[in-house]
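One structure is given here, and the rest of the page talks about it.
Numbering (the numbering used here), first residue to last: 506 to 783.
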């Protein structure tokens, strides 16, 4: 069972995360994961319906290999989202470009989280079906067991011991041993699926946190752009007002010059008629 924190080399090595983390890359990986999840569901179904020990072991091996490969693909997508998030938070690029990168990363992260949620729901569904089958087998071995006892036995991995005791007490050893092996296999399947569900839940929470962080970045950049727009508008108004004041000031200067000229002309006329002409 692959872990989602095992690095980008896990899974299909042909799909290593590129630094650009472009949309085509995300689409390709999402599609691969979606296809794998559908195939894992089919293998879960086959494992539930098979009755042969050899058949179940082969199906379980194929399923576990596919789950490990899918874990590697999921790690690749998460790594690429981290790369894109780092680009969106780069202080050396313009804020508008940061917002575009953050919006793009958020959109890819949302699609990825929806894919993780579908995968987790599918795994949980088959975990419950395996648990129900194991409970039925447990009741056959211990008809007087209560629901609480059955649940505790499954949770504590003690169901196998009960079936082992049943085998020792049974007159039909062949059939009893078959039931024991089947119960042990179901118990192992439940443990594997629950580990996968737990890992998916952790990854889903990380991606959801990533979506929230990018939304905060987008909101911050948009607020900055809005403030800049307001400042530009305010600046335009101040420039217009300054132009109006300048025009009015020029008018006043010309009026003052005209009045000065008129006064000078009047003085010249008075001097002419009162002094020079006499």
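Each residue gets a CB set at the ideal place from its N, CA and C atoms; glycine is no exception.
Legend entry - Pairwise C-alpha distance: residue 660 and residue 584: What you label residue 584 is simply residue 79 of the chain shown in a count that begins at 1. What you label residue 660 is simply residue 155 of the chain shown in a count that begins at 1. Each residue's Cα considered, the two are about 34 Å apart.
Legend entry - Euclidean distance between Cα positions of residue 762 and residue 742: For the purposes of this step, residue 762 is taken as the residue at position 257 of the chain shown. For the purposes of this step, residue 742 is taken as the residue at position 237 of the chain shown. Taking the straight line joining both Cα atoms gives about 30 Å.
Inset, instruction - Classify residue 598 as helix, strand or coil using the three-state DSSP reduction. - result: Numbered from 1 along the chain shown, position 93 holds the residue referred to as residue 598. DSSP places residue 598 in coil when its eight states are reduced to three.
Legend entry - Beta-carbon proximity list for residue 687, same chain, < 6 Å, skipping 5 on both sides: Position 182 of the chain shown, counting from 1, holds the residue named residue 687. Answer for residue 687: no residue qualifies.
Legend entry - Unbroken alpha helix (DSSP H) run spanning residue 580, endpoints: One-based indexing of the chain shown puts residue 580 at position 75. 558-593 is the span of the alpha helix (DSSP H), which, as asked, contains residue 580.
Inset, instruction - Check whether the segment 710-723 touches the segment 618-638, taking contact to mean three or more Cβ pairs, one atom from each stretch, closer than 8 Å. - result: Verdict: yes, contact present.
Inset, instruction - State the Cα-Cα distance for the pair residue 755 and residue 748, rounded to the nearest angstrom. - result: Locating residue 755 in the chain shown gives position 250, counting from the first residue. Locating residue 748 in the chain shown gives position 243, counting from the first residue. Cα to Cα, residue 755 sits roughly 10 Å from residue 748.
Inset, instruction - Give every residue of the same chain whose Cβ lies closer than 6 Å to the Cβ of residue 764, excluding the five residues on either side of it in the sequence, and list them in chain order. - result: Taking the first residue of the chain shown as 1, we reach residue 764 at position 259. Excluding positions up to five away in sequence, the list is empty.
Legend entry - Host alpha helix (DSSP H) of residue 656 (start-end): Numbered from 1 along the chain shown, position 151 holds the residue referred to as residue 656. First-last of the alpha helix (DSSP H) with residue 656: 652-660.
Inset, instruction - Take residue 639 as the anchor and find which of 575, 553, 572 has the nearest alpha-carbon. - result: Stepping through the chain shown from its first residue, residue 639 is reached at position 134. Nearest option by C-alpha distance: 553.
Inset, instruction - Find out if the Cβ-Cβ distance for the pair residue 705, residue 644 is shorter than 8 Å. - result: Numbered from its first residue, the chain shown carries residue 705 at position 200. Numbered from its first residue, the chain shown carries residue 644 at position 139. No. Outside cutoff.
Inset, instruction - Go through its chain and collect everything with a Cβ distance to residue 695's Cβ below 8 Å, but skip five positions before and after it. - result: By one-based count along the chain shown, residue 695 stands at place 190. The residues are 632, 635, 636, 639, 659.
Inset, instruction - Mind reading off the beta-carbon distance from residue 571 to residue 544? Whole number of angstroms is fine, and I expect it under 8 Å. - result: Here residue 571 is taken as the residue at index 66 of the chain shown, counted from 1. Here residue 544 is taken as the residue at index 39 of the chain shown, counted from 1. 6 Å between Cβ atoms; contact.
Legend entry - Cβ-based burial, residue 533 [other Cβ within 10 Å; buried from 16]: On the chain shown, position 28 is the one that residue 533 refers to. It is exposed - the Cβ of residue 533 has fewer than 16 other Cβ atoms within 10 Å.
Inset, instruction - Verify whether the separation of the beta carbon atoms of residue 556 and residue 564 is less than 8 Å. - result: Sequence index remark: in the chain shown, residue 556 carries index 51 (1-based). Sequence index remark: in the chain shown, residue 564 carries index 59 (1-based). No, Cβ-Cβ distance for residue 556 and residue 564 is not below 8 Å.
Legend entry - Helix, strand or coil at residue 638 according to DSSP, with G and I counted as helix: Translated into positions along the chain shown, residue 638 becomes position 133. DSSP places residue 638 within a helical segment (H, G or I) once states are collapsed to three.
Inset, instruction - Taking 8 Å as the cut-off, decide whether the C-beta atoms of residue 752 and residue 607 are in contact. - result: Start at 1 with the first residue of the chain shown, and residue 752 comes out as number 247. Start at 1 with the first residue of the chain shown, and residue 607 comes out as number 102. In this structure, residue 607 does not lie closer than 8 Å to residue 752 by Cβ.
Inset, instruction - Express the C-alpha separation of residue 716 and residue 656 in angstroms, rounding to a whole number. - result: By one-based count along the chain shown, residue 656 stands at place 151. By one-based count along the chain shown, residue 716 stands at place 211. Residue 656 and residue 716: Cα-Cα distance of roughly 37 Å.
Legend entry - Identity of the residue in 574, 529, 560 nearest residue 540 by Cα: By 1-based counting over the chain shown, the position of residue 540 is 35. Among 574, 529, 560, the Cα nearest to that of residue 540 is on 574.
Legend entry - Classification of residue 628 by the beta-carbon crowding that lies within 10 angstroms, buried from 16 upward: Taking the first residue of the chain shown as 1, we reach residue 628 at position 123. Residue environment: residue 628 is assigned as buried (16 or more neighbouring CB atoms within 10 Å of its CB, all protein chains considered).
Inset, instruction - Look at the alpha carbon of residue 692 and the alpha carbon of residue 720, and state the distance between them as a whole number of angstroms. - result: Start at 1 with the first residue of the chain shown, and residue 692 comes out as number 187. Start at 1 with the first residue of the chain shown, and residue 720 comes out as number 215. Computed Cα separation, rounded: 42 Å.
Inset, instruction - Run the CB neighbour count on residue 641, radius 10 Å, all protein chains shown included, and call it buried at 16 or more, exposed below. - result: The residue given as residue 641 occupies position 136 in the chain shown. With fewer than 16 other Cβ atoms within 10 Å, it is exposed.
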